[in-house]
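In this note's numbering, the protein residues as written are 983 to 1173.
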């Protein structure tokens, strides 16, 4: 008889599937990662997977949301420990955000993005996430400047897009380029 997941055990099982799904997608890509691969790695039945997620695309979207929530929680934890963020804190947050190896978008090609956008349009829209992170930063710093959160959100998106497309850039100076972008953003925020 298949396992029945309720309450906390259901949440743990979903998180395990998110982590395994992300690992497999990073290794093989979306097209080559099947529901069977995910269920085999997690030790659940294929039917159980579909009790959790309507489609593979729904699963991918939930991985994206889960990763975003983990990022927000990480930054919230840092913010709670300090009265306010200083320039070094902001630089560290932006560097972590840029080079976090768990950004699923870094492992999607253009076809993957189009397919995901067709089936779940909100999966490819990260404007609210970018806004949330920008406001988390701006609301937790001491600065005499008034900054437009949209500019900060755009910088965050630029950093993410740059990392996703780093193979199209001068890779030997990519980290220095990111450092300059982050420095420019911090200059805008702190003056």
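Backbone N, C-alpha and C define an ideal beta-carbon position, used for all residues, glycine too.
Straight-line gap, residue 1025 to residue 1167 (C-alpha atoms, nearest Å)
45 Å
Pull up the distance between the alpha-carbon of residue 1158 and that of residue 1173, whole angstroms please.
21 Å
From residue 1111 to residue 1050, what distance separates their C-alpha atoms?
7 Å
Host alpha helix (DSSP H) of residue 949 (start-end)
Residue 949 is absent from the structure shown; the chain starts at 983 and stops at 1173.
How would you call residue 1015, buried or exposed, if buried means at least 16 neighbouring beta carbons within 10 angstroms?
buried
Look at the alpha carbon of residue 1125 and the alpha carbon of residue 1034, and state the distance between them as a whole number of angstroms.
45 Å
I'd like to confirm the pairing. Which residues does DSSP put opposite residue 1123 in its beta bridges?
1067
Taking the C-alpha atoms as reference points, what is the distance between residue 1065 and residue 1028?
48 Å
Alpha helix (DSSP H) runs contained entirely in the stretch 1070-1131, provided each spans 4 or more residues:
1092-1101 and 1109-1120
Check whether the stretch 1137-1144 and the stretch 1066-1085 touch, using three or more Cβ-Cβ pairs below 8 Å as the test.
yes
Please report the Cβ distance between residue 1007 and residue 1086, rounded to the nearest whole angstrom; I am assuming they are in contact, meaning their Cβ atoms lie under 8 Å.
7 Å
Around the C-beta of residue 1165, are 16 or more other C-beta atoms found within 10 angstroms, so that it is buried, or is it exposed?
exposed
Assumed close pair residue 1118, residue 1061 - CB separation to whole angstroms, cut-off 8 Å:
7 Å
For residue 1163, collect the residues of the same chain with a Cβ closer than 8 Å to its Cβ; drop the 5 residues on either side in sequence, then sort them by chain order.
1137, 1140, 1141 and 1144
Start and end of the alpha helix (DSSP H) containing residue 998?
989-1010
If you count every other CB in all the chains shown that lies within 10 Å of the CB of residue 1055, and 16 or more means buried, which is it?
exposed
Using 10 angstroms around the beta-carbon of residue 1089, count the other beta-carbons present and answer buried if the total reaches 16, otherwise exposed.
buried
Given a cut-off of 8 Å, decide if residue 1098 and residue 1018 are closer than it, judged by their beta-carbon atoms.
no
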